[in-house]
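> If you count by UniProt numbering, then the sequence shown holds residues 1 to 364, one letter each, in order. Here a beta-carbon is modelled for each residue, glycine too, at the ideal position from N, C-alpha and C.
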Amino acid sequence: MGRRMGLLLSWLQRSGVGTSEKVRSDKKKQGLLSIFANHCSFVTGQRLRRAYQIGELYSNLYSERTRWTLVGSIWRRLQSKHASTGKLVAALAGVFMWEDEKVRDEELHRCGLELQALEKVKNLSASSEKEKAAGQVETGWEVVMEKNNFKVWRRSIEGSHLWEYRVLGSYNDVTPRQFFNVQLDTEYRKKWDALVLKLEVVDRDVNTGSEVVHWATHFPYPMYSRDYVYVRRYDVDVENNLMVLISRAVQHPGVPETQDYVRVHSYQSKMVIRPHKTFDENGFDYLLTYSDDPQTAFPRYCVSWMVSSGMPDFLEKLHTAALRAKNLEVGIFDYASVIKSNDTKHQPSQDRLGDNTRPGQIYA
Numbered sequence: 001m002g003r004r005m006g007l008l009l010s011w012l013q014r015s016g017v018g019t020s021e022k023v024r025s026d027k028k029k030q031g032l033l034s035i036f037a038n039h040c041s042f043v044t045g046q047r048l049r050r051a052y053q054i055g056e057l058y059s060n061l062y063s064e065r066t067r068w069t070l071v072g073s074i075w076r077r078l079q080s081k082h083a084s085t086g087k088l089v090a091a092l093a094g095v096f097m098w099e100d101e102k103v104r105d106e107e108l109h110r111c112g113l114e115l116q117a118l119e120k121v122k123n124l125s126a127s128s129e130k131e132k133a134a135g136q137v138e139t140g141w142e143v144v145m146e147k148n149n150f151k152v153w154r155r156s157i158e159g160s161h162l163w164e165y166r167v168l169g170s171y172n173d174v175t176p177r178q179f180f181n182v183q184l185d186t187e188y189r190k191k192w193d194a195l196v197l198k199l200e201v202v203d204r205d206v207n208t209g210s211e212v213v214h215w216a217t218h219f220p221y222p223m224y225s226r227d228y229v230y231v232r233r234y235d236v237d238v239e240n241n242l243m244v245l246i247s248r249a250v251q252h253p254g255v256p257e258t259q260d261y262v263r264v265h266s267y268q269s270k271m272v273i274r275p276h277k278t279f280d281e282n283g284f285d286y287l288l289t290y291s292d293d294p295q296t297a298f299p300r301y302c303v304s305w306m307v308s309s310g311m312p313d314f315l316e317k318l319h320t321a322a323l324r325a326k327n328l329e330v331g332i333f334d335y336a337s338v339i340k341s342n343d344t345k346h347q348p349s350q351d352r353l354g355d356n357t358r359p360g361q362i363y364a
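Laid out in structure tokens, this is it:
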């Protein structure tokens with residue numbers, strides 16, 4: 001019995017020693033982790049302070065837009081080497097990814113090919129009613145309006161409640177260059193379009209000439225005003241005698257949604273202009289393809305009526321603005337002059353980005 005008690009006491013003693021050693025080991029580990037955490041916190045704090053100091057330095061040396069261009073360039077390089085990591089970091093840092101959102105050359109080319117549809121529609125207009133009906137069944141387009149100088153079609157967008165609209169028109173009293181420039185000049189549009197509340201270029205890709213535009217516009221009562229953030233790219237194809245302008249909605253970290261407007265997330269517009277002769281002689285045909293979701297609670301037919309009835313009014317205002325430019329009543333920037341043929345990359349003037357001064361202003 002005494003021997004058993006001795007063994008029990010010995011075992012308890014060893015257990016107590018082991019427990020105390022384990023406690024000391026855990027405390028030692030906790031101490032090392034605490035030291036490591038303090039060290040990481042110190043290093044991180046130092047780097048954050050250094051980054052803040054560098055940011056302050058660049059803010060004193062460069063404008064805000066130039067800083068964003070510099071940051072965007074850094075992220076593009078990071079993305080090219082580490083694509084997934086670059087996208088994640090860019091999203092967290094609020095950097096606009098031009099490589100993903102820019103309008104590409106292929107889109108401009110496809111937009112130009114839609115002129116084949118324009119020729120087909122013009123040929124159908126001269127054919128019999130039976131052939132017209134057959135052509136409309138094949139393409140899905142239906143006529144909703146026809147005027148002397150333009151015709152409007154629409155077709156349902158598959159998988160949605162929205163309509164896509166197509167306008168085929170022509171003018172003989174203004175030049176293609178004037179019509180093209182009037183659409184692109186944001187400062188001039190603020191003057192001829194009374195519905196504009198805000199219109200400015202907020203970002204630009206120096207490689208392709210693509211621009212991000214923030215546009216706020218009045219909507220008919222009782223609807224709230226809407227705003228659009230979209231990327232646009234324009235090109236003059238001298239070889240094929242075409243002018244192309246493409247716009248589509250994007251999300252940009254520099255233009256967050258606000259309570260002032262209802263943000264439109266679905267928007268696309270494509271304009272192709274073909275001169276009858278040259279870019280600087282009166283007369284041209286144009287094909288406008290347009291769709292957007294204004295996010296209204298009205299029935300589909302009401303939205304369709306608003307778009308189809310508002311489009312002629314807009315085109316008439318655009319035409320009048322181009323005539324004013326032709327008659328030298330206003331000065332507008334000549335975008336076509338800074339774009340060469342498709343064989344070379346164009347570099348539009350940097351002075352048009354976020355600057356009210358207009359050294360490139362001309363009468364076009």
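Which residue marks the beginning of the beta strand (DSSP E) containing L287, and which one marks its end?
284-292
> Between the Cα of H218 and the Cα atoms of S210, V236, L199, which residue gives the shortest distance?
L199
> Any idea what DSSP makes of W141, helix, strand or coil?
coil
> Could you tell me which of R104, H265, P253 sits nearest to Q295, measuring between CA atoms?
H265
> If you draw a straight line from the C-alpha of I332 to the C-alpha of E146, how long is it?
31 angstroms
> According to DSSP, W215 sits in a beta bridge with which residue or residues?
L199, Y228
> To the nearest whole angstrom, what separates the beta carbons of F284 and Y171, a pair I think is in contact under 8 angstroms?
6 angstroms
> Would you check if there are 3 or more beta carbon pairs closer than 8 angstroms linking the stretch 251-266 to the stretch 199-216?
These segments touch.
> Alpha carbon to alpha carbon, how far is H161 from D235? Give it in angstroms, no decimals.
Taking the straight line joining both Cα atoms gives about 32 angstroms.
> Helix, strand or coil: which one does DSSP assign to Y188?
helix
> Below 8 angstroms on the Cβ atoms is my contact criterion, and I expect Y224 with Y261 to pass it. Report the Cβ-Cβ distance as a whole number of Å.
Contact between Y224 and Y261 holds: CB atoms are separated by about 7 angstroms, below the 8 angstroms threshold.
> Using the Cα positions of A90 and K102, report the straight-line distance between them to the nearest angstrom.
Below a pLDDT of 50, predicted positions are generally treated as unreliable, and A90, at 48, falls in that range; no measurement from the model is reported.
> Assign E211 to one of two classes, buried (16 or more other C-beta atoms within 10 Å of its C-beta) or exposed (fewer than that).
buried
> According to DSSP, simplified to helix, strand and coil, what is Q251?
coil
> Measuring straight from C-alpha to C-alpha, what distance separates K151 and E257?
35 angstroms
> Please go through the same chain and pick out, in chain order, the residues whose beta-carbon is closer than 6 angstroms to the beta-carbon of V167, but skip the five residues on each side of it.
F150, V152, L288
> Hey, A336 and R177 are a contact pair by Cβ (cut 8 angstroms); roughly how many whole angstroms apart?
5 angstroms
> Can you grab the Cα-Cα spacing for the pair V231 / P312, in whole Å?
In a straight line, the C-alpha of V231 is about 24 angstroms away from that of P312.
> Our contact map puts V272 next to L115 with C-beta atoms below 8 angstroms; I'd like the distance itself, whole angstroms only.
6 angstroms
> Let me make sure I understand the geometry here. Which of T208, R226, E281, R274 has the alpha-carbon closest to that of E107?
T208
> Please report the straight-line C-alpha distance between K191 and G310, rounded to a whole angstrom.
18 angstroms
> Under the three-state reduction of DSSP, which class applies to K277: helix, strand or coil?
Here K277 sits in coil by DSSP.
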